[in-house]
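*Asks:* Quick one: this structure, given as structure tokens, is what I'll be asking you about.
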Amino acid sequence: MLGLFEASPVSKHFPIVPKILSRLPQAVMGIINPAFVPFFETQSLIAAQARKVWLEEKARDMSKMTENVKPRSIFHGIMQSSLEDEEKSLPRMVDEAFVLIVAGGETTARVTTVTLAHLLQNKHLLTRLRTVLDKLDVVSQLPTSRQLEEIPLMTAVVQEGLRIAAPVTNSAKLIAPNEDLECHGWSIPRGTPCSMNIQTVLFDPDIFPEPHAFDPDRWLRGAERGERLDRYLVTFSKGTRACLGTNVAYAELYIGIAAIVARFDLELVDFDRKRDIEIVRDCFIGLPSKESRGVRVKLRVRE
1 MLGLFEASPV SKHFPIVPKI LSRLPQAVMG IINPAFVPFF ETQSLIAAQA
51 RKVWLEEKAR DMSKMTENVK PRSIFHGIMQ SSLEDEEKSL PRMVDEAFVL
101 IVAGGETTAR VTTVTLAHLL QNKHLLTRLR TVLDKLDVVS QLPTSRQLEE
151 IPLMTAVVQE GLRIAAPVTN SAKLIAPNED LECHGWSIPR GTPCSMNIQT
201 VLFDPDIFPE PHAFDPDRWL RGAERGERLD RYLVTFSKGT RACLGTNVAY
251 AELYIGIAAI VARFDLELVD FDRKRDIEIV RDCFIGLPSK ESRGVRVKLR
301 VRE
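First residue of the sequence shown: 1, per full-length UniProt numbering; consecutive thereafter.
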């Protein structure tokens, strides 16, 4: 999956490159630019799965389907929906699945990894969170994300993880096509692309003092003072540019982090924060140094 993102700097500035490479055999493509191989391999795999479901659903007698049947995948969900036929095309299904996997996979995984790494470096926080989760008996019965959201410390840990991981480094552009924009005395002509990366806000010391410190309690202190720090949590962007998968990502983070913390004892192995989790590469998502082998841990089931 990382190979997809490592190829993004080239495809972003030279969008014609992946179009040309997509017409070449993968063996030739691998010689020219190996970074693009995982991209097209993933795309081909998704296309094959989508085509299989698309043909099955086209052949199915849709009149025999009931409303209570739950879709088995995003492909089935699209085909069994009330969308117009032109919205159920094979290219549409491939694009939807590809975006879901690429946008919702590595980003959420990175936030989970960074959050756990910080918890393991701050044993007092890990112990506090584990004590709260043990009361829910997470080991025997995994709670719902809604139940976990009601735990203030759990929510604070997730929010701080989203803030300090700041996974997306790409800047989404906003363009006002029909009017000039006024900003603090400056006039921005219509049609001018404007953008700002999320790190500018998430690491602003005026909003988040000691921004590079992992401090979930900042969210609890803010709530006690009546401050809404979540206004500045722009990890998923805001407004019309907000990520469509925000709720899914939150559910994954709540349940994933809670399950790992409550059910396993972990110990960091050969960990270096600067090398292993700090962002030094802009590949649409922020990636650590190429020297990093990832965040590695020793893991055992809690007794």
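Backbone N, C-alpha and C fix where the C-beta goes; we use that ideal spot for every residue, glycine too.
#1: List the DSSP bridge partners of residue 285.
#2: Just curious, the beta strand (DSSP E) that residue 299 is in, first and last residue?
#3: Out of 207, 152, 89, which one is the CA nearest neighbour of residue 254?
#4: With contact counted as at least three CB pairs below 8 Å, one residue from each stretch, are the region 100–118 and the region 246–262 in contact?
#5: For residue 149, which residues from the same chain have a beta carbon less than 7 Å from its beta carbon, with the 5 sequence-adjacent residues on both sides left out?
#6: Please confirm whether residue 130 and residue 262 have their CB atoms less than 8 Å apart.
#7: Could you check whether residue 100 and residue 78 sit closer than 8 Å to each other, using their CB atoms as the reference points?
#8: Beta-carbon within less than 8 Å of residue 41's beta-carbon, same chain only, minus the 5 sequence neighbours each way: which residues are those?
#9: Relative to the alpha-carbon of residue 146, which residue among 297, 292, 258, 88 has its alpha-carbon at the smallest distance?
#10: Nearest-angstrom Cα distance between residue 51 and residue 284?
#11: So, for residue 189: in the same chain, excluding its five sequence neighbours on each side, which residues have a beta-carbon less than 8 Å away from its beta-carbon?
#12: So with Cβ pairs under 8 Å, would you call residue 53 a contact of chain C?
#13: Is it buried or exposed for residue 86, if we count other Cβ within 10 angstroms and need 16 for buried?
#14: Give a yes or no on contact between the region 265–272 and the region 281–297, applying the rule of three or more CB pairs nearer than 8 Å.
#15: Distance check for residue 167 and residue 286, CA to CA, integer angstroms please.
#16: Rank 200, 39, 60 by C-alpha distance to the C-alpha of residue 233 and give the top, closest one.
#17: The alpha helix (DSSP H) spanning residue 145 covers which residue range?
#18: Tell me which residues share the same chain as residue 222 and place their Cβ nearer than 7 Å to its Cβ, disregarding the 5 neighbours each side in the sequence.
#19: When burial is assigned at 16 or more other CB atoms within 10 Å of the CB, is residue 216 buried or exposed?
#20: What is the DSSP secondary structure of residue 278, counted as helix, strand or coil?
#21: When the Cα atoms are used, what is the spatial distance from residue 256 to residue 187?
#22: Per DSSP, residue 269 forms a beta bridge with which residues?
#23: For residue 19 and residue 45, I'd like the C-alpha separation in whole angstroms.
#24: Within a Cβ cutoff of 7 Å, which residues of the same chain sit near residue 214, ignoring the five residues on either side of it in sequence?
#25: Starting from residue 188, follow its DSSP beta bridges and name the residues at the other end.
#26: How far does the alpha helix (DSSP H) with residue 105 in it reach, from first residue to last?
*Replies:* Short version:
#1: Under DSSP, the beta-bridge partners assigned to residue 285 are 168, 283.
#2: Element bounds for residue 299: 296–301.
#3: Residue 254 has its Cα closest to that of 152, out of 207, 152, 89.
#4: Contact holds: three or more Cβ-Cβ distances are below 8 Å.
#5: Hits under 7 Å: 155, 254.
#6: In this structure, residue 130 sits near residue 262, with a CB-CB distance shorter than 8 Å.
#7: Residue 78 is not a Cβ neighbour of residue 100, given a cutoff of 8 Å.
#8: Around residue 41: 26.
#9: Here the closest residue by C-alpha is 258.
#10: Distance between the alpha carbons of residue 51 and residue 284 is about 28 Å.
#11: Contacts found: 180.
#12: In summary, chain C is missing from the structure at hand, where a single protein chain is found.
#13: Exposed, because fewer than 16 other Cβ atoms sit within 10 Å of the Cβ of residue 86.
#14: Between the region 265–272 and the region 281–297, the count of Cβ pairs shorter than 8 Å is three or higher; the stretches touch.
#15: Near 5 Å, if we compare the C-alpha coordinates of residue 167 and residue 286.
#16: Ranking 200, 39, 60 by Cα distance to residue 233 puts 200 first.
#17: Residue 145 -> alpha helix (DSSP H) spans 145–149.
#18: Taken in chain order, the residues that qualify are 229.
#19: By the neighbour-count rule (16 or more Cβ atoms within 10 Å), residue 216 is buried.
#20: Residue state, collapsed to three classes: coil.
#21: Distance from the CA atom of residue 256 to the CA atom of residue 187, rounded to whole angstroms, is 46 Å.
#22: According to DSSP, residue 269 bridges with 296.
#23: Going from the Cα of residue 19 to the Cα of residue 45 covers about 18 Å.
#24: Closer than 7 Å at the Cβ level, and outside the excluded window around residue 214, lie 118, 122, 160, 164.
#25: Residue 188 pairs with 181.
#26: Start and end: 90–121.
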